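One structure is given below, encoded as structure tokens.
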Amino acid sequence: GAVVSQHPSRVICKSGTSVKIECRSLDFQATTMFWYRQFPKQSLMLMATSNEGSKATYEQGVEKDKFLINHASLTLSTLTVTSAHPEDSSFYICSAREHDINNEQFFGPGTRLTVL
Amino acid sequence: TQLLEQSPQFLSIQEGENLTVYCNSSSVFSSLQWYRQEPGEGPVLLVTVVTGGEVKKLKRLTFQFGDARKDSSLHITAAQPGDTGLYLCAGAQRGSTLGRLYFGRGTQLTVWP
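As you go down the protein sequences, you meet chains A and B in turn.
All residue numbers for the first sequence refer to this note's numbering, where the first residue is 33 and numbers rise by one.
All residue numbers for the second sequence refer to this note's numbering, where the first residue is 340 and numbers rise by one.
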């Protein structure tokens, strides 16, 4: 149980285009989903927290107009990187939290974004 | 500043050796998780500890939560090359309604055959 999928696993795009990443909880309903960014050999950096049906809460320094998050259902959250630039190239990982289970988060496999 | 200080940052050992990874904080956590991540993949949950003084074992891995719930350790006995990966500790604070986790910087473990 507690499987989270992420799509696509890899994406290469041109500078100025937008990219959408999907995060799905496959066998449970996720009250909260989280989006992280990770640089090579480093820990996870939380970008935003999203609850189904409400606006996402962004961490300080993360541009909400740049990284659009939509949490339309209890099993799906999307992250759209708008007008992507090479500095947005990174490994993006989502996680999902099942309600009140010791704050455990289950992570997707990640999306490698490369902006040319 | 990092809420959870994780050490060491890098660890390179021979197969068969033992090792310990530490996570320390001045803050109290309601729960603490340990994850393992391989390159190009998402972190995988290894264990959750919630009670002060709790010890959990997962085969050759032993996890301990400090009595005051401010620190935790991961001990691996007789490490194997398959243990290679990035180990992350993450804590949740009491009263956090959204369940946000605070991550340590990670320990990159390499076990040589």
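No residue lacks a Cβ here, since even glycine has one placed at the ideal position from N, Cα and C.
Bear in mind the structure is a predicted one, so any value in this text is a computation, not a measurement.
Closest by C-alpha distance to residue i, when choosing among the options
{"i": "Ala-104(A)", "options": "Glu-130(A), Phe-138(A), Val-51(A), Ser-82(A)", "result": "Ser-82(A)"}
{"i": "Val-113(A)", "options": "Ser-50(A), Thr-64(A), Cys-45(A), Trp-67(A)", "result": "Ser-50(A)"}
{"i": "Tyr-68(A)", "options": "Pro-118(A), Ser-86(A), Pro-141(A), Ser-47(A)", "result": "Pro-141(A)"}
{"i": "Gln-92(A)", "options": "Asn-102(A), Glu-130(A), Ser-86(A), Met-79(A)", "result": "Met-79(A)"}
{"i": "Leu-400(B)", "options": "Asn-357(B), Gln-345(B), Phe-349(B), Pro-347(B)", "result": "Asn-357(B)"}
9 Å Cβ cutoff met for residue i and residue j
{"i": "Thr-446(B)", "j": "Val-360(B)", "result": "yes"}
{"i": "Val-35(A)", "j": "Phe-138(A)", "result": "yes"}
{"i": "Gly-405(B)", "j": "Gly-391(B)", "result": "yes"}
{"i": "Val-389(B)", "j": "Phe-402(B)", "result": "no"}
{"i": "Val-367(B)", "j": "Arg-444(B)", "result": "no"}
{"i": "Leu-427(B)", "j": "Ser-47(A)", "result": "no"}
{"i": "Gly-421(B)", "j": "Ala-431(B)", "result": "no"}
{"i": "Asn-363(B)", "j": "Lys-409(B)", "result": "yes"}
{"i": "Ala-429(B)", "j": "Gly-355(B)", "result": "no"}
{"i": "Leu-148(A)", "j": "Cys-45(A)", "result": "yes"}
{"i": "Leu-413(B)", "j": "Trp-373(B)", "result": "yes"}
{"i": "Gln-38(A)", "j": "Cys-126(A)", "result": "yes"}
{"i": "Glu-377(B)", "j": "Gly-424(B)", "result": "yes"}
Local conformation of residue i per DSSP, three classes
{"i": "Asp-410(B)", "result": "strand"}
{"i": "Glu-136(A)", "result": "coil"}
{"i": "Thr-119(A)", "result": "Residue identity differs from the one stated: residue 119(A) is Glu in this sequence, not Thr. Three-state result, Glu-119(A): helix."}
{"i": "Gly-392(B)", "result": "coil"}
{"i": "Gly-424(B)", "result": "strand"}
{"i": "Leu-76(A)", "result": "strand"}
{"i": "Arg-444(B)", "result": "coil"}
{"i": "Ser-366(B)", "result": "coil"}
{"i": "Gln-432(B)", "result": "coil"}
{"i": "Leu-350(B)", "result": "strand"}
Exercise for the section: Would you list, in sequence order, the uninterrupted beta strand (DSSP E) runs of no fewer than 3 residues that lie entirely inside the stretch 78 to 123 of chain A? Expected result: At a cut-off of 3 residues, the continuous stretches assigned as beta strand (DSSP E) that sit fully inside the stretch 78 to 123 of chain A are 99 to 105, 108 to 113.
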